[in-house]
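This report concerns only the one structure given below.
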Amino acid sequence: MSVARNINIGEAPSASVHYLQGCKIDFNGEAPVSEYFKPTVTDSQPDGTIVLEASFRGRFMKGSEIFLPEGFSGAVLEKKEGSNGTEATTSYSATGTFDSFTYWNHDTAPVATDGIRRAMEWAALASHIHKPVDHKDVEAEVAKREAQGKDKEAK
Numbered sequence: 000m001s002v003a004r005n006i007n008i009g010e011a012p013s014a015s016v017h018y019l020q021g022c023k024i025d026f027n028g029e030a031p032v033s034e035y036f037k038p039t040v041t042d043s044q045p046d047g048t049i050v051l052e053a054s055f056r057g058r059f060m061k062g063s064e065i066f067l068p069e070g071f072s073g074a075v076l077e078k079k080e081g082s083n084g085t086e087a088t089t090s091y092s093a094t095g096t097f098d099s100f101t102y103w104n105h106d107t108a109p110v111a112t113d114g115i116r117r118a119m120e121w122a123a124l125a126s127h128i129h130k131p132v133d134h135k136d137v138e139a140e141v142a143k144r145e146a147q148g149k150d151k152e153a154k
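Per numbering that gives the first Met the number 0, residue 0 is the first one in the sequence shown, and the count goes up by one each step.
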């Protein structure tokens with residue numbers, strides 16, 4: 000089976016995305032979500048997080064909006080399976096894009112230590128950790144540390 004890896008998200012419209020951890024719906028496709036799922040702002044946390052409340056199939060939920068790290072964008076993908084005559088193929092096309100999403104907890108308010116929030120922080124941190132290092136910057140840092148070591152020995 001071959002999988003298409005080129006996904007053009009440039010033409011996909013903006014999408015409203017909700018992450019409902021632990022919820023499974025046996026349906027794929029569009030639904031009139033805004034008619035039944037109506038979040039309301041209820042509170043704010045000391046860190047400035049706005050808390051939303053809603054009910055999903057009778058279950059009370061609290062949520063918060065998370066913005067993707069700078070340089071990242073999200074895409075809602077649709078899987079398409081087919082055949083090129085000799086083998087099965089799978090491709091994906093973007094049906095929507097987003098730069099933020101709302102995640103929901105069951106019964107508890109969102110906090111900074113929630114796994115999904117920490118994952119978004121890691122994505123931003125990872126871009127700094129894996130940033131290329133210039134050889135001249137390394138030499139300057141080594142020289143600086145050597146000079147600091149000589150200053151300590153002189154004392």
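Even for Gly, the Cβ is constructed at its ideal location relative to N, Cα and C.
- When beta bridges are read from the DSSP output, LYS61 appears opposite GLU52, ASN104.
- With a 10 Å radius around the Cβ and a threshold of 16 neighbouring Cβ atoms, LEU51 comes out buried.
- The distance from the Cβ of ASN104 to that of ASP113 is about 7 Å, consistent with a contact at the 8 Å cut-off.
- For ALA30, the three-state secondary structure derived from DSSP is coil.
- Taking 8 Å as the cut-off, the beta carbon of TYR91 is found no closer than this to the beta carbon of LEU67.
- LYS37 sits close to ALA53, with the two beta carbons spaced by under 8 Å.
- A contact between stretches requires three or more CB pairs, one per stretch, nearer than 8 Å, and the segment 78-93 fails this requirement with the segment 136-144.
- Restricting attention to SER43, ALA118, THR101, PRO45, the CA atom closest to the CA of GLY62 is found in THR101.
- The C-beta separation of ILE65 from ILE128 comes to about 21 Å, leaving the pair out of contact by the 8 Å criterion.
- Bridge partners of HIS134 according to DSSP: none are assigned.
- Around the beta-carbon of PRO109, 16 or more other beta-carbon atoms lie within 10 Å, marking it buried.
- The beta carbon of SER82 is closer than 7 Å to those of THR88 in its chain, skipping five residues each way along the sequence.
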